[in-house]
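In the UniProt record's numbering, the protein residues as written are 1 to 144. Backbone N, C-alpha and C define an ideal beta-carbon position, used for all residues, glycine too. Below is one structure, written out as structure tokens; comments come after it.
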Amino acid sequence: MTPGAGAATADGGPDGGYGGIVDGGPDGGTTGGRIGAGDRGATVIADRVVAKIAAQAAREAIGAVPEGGRSPHASVAVRRGAARVRVSLELDYPSDIGLQCGAVRRRVTERVETLAGMTVPEVSVLVERLHSAETRGTARRRTR
1 MTPGAGAATA DGGPDGGYGG IVDGGPDGGT TGGRIGAGDR GATVIADRVV AKIAAQAARE
61 AIGAVPEGGR SPHASVAVRR GAARVRVSLE LDYPSDIGLQ CGAVRRRVTE RVETLAGMTV
121 PEVSVLVERL HSAETRGTAR RRTR
């Protein structure tokens, strides 16, 4: 018997570990009834994984996190292969806030599309705090 005819293989399974043999498959049995790799299973990427990708992309876009500031964090809603992303971050002051937010949107979109294979119709950027040199000096004096 050949493996395509239902014989056991070296791993003990009748299908060689490839998800099953279907006799007389949709192609009329010309490929031994095997289901192609692209036709089996599903890949599911958790929202929290996409959120981590987005947060890292935001860090890459803004460069350094302001002294005394928190790293960017993200939340994501994934529906039908599309990820809507919300990124919260802190920036140095003075800086071009619009330019930095645009860079974050572009980088997050690029990285999520590339690494997760999802479309990104929306990236909302929330600037939670601005850190100025004067504020950092005041904060240091308060903590001493």
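- In this structure, DSSP gives residue 46 a state outside helix and strand, which the three-state scheme calls coil.
- When the beta-carbon positions are compared, residue 69 and residue 129 come within less than 8 Å of each other.
- Beta bridge pairing from DSSP links residue 122 with 84.
- For the options 94, 40, 52 and 91, the alpha carbon positioned closest to that of residue 85 is the one of 52.
- The closest CA to that of residue 42, considering only 124, 80 and 56, is found on 80.
- Here DSSP, grouped into helix, strand and coil, assigns residue 127 to strand.
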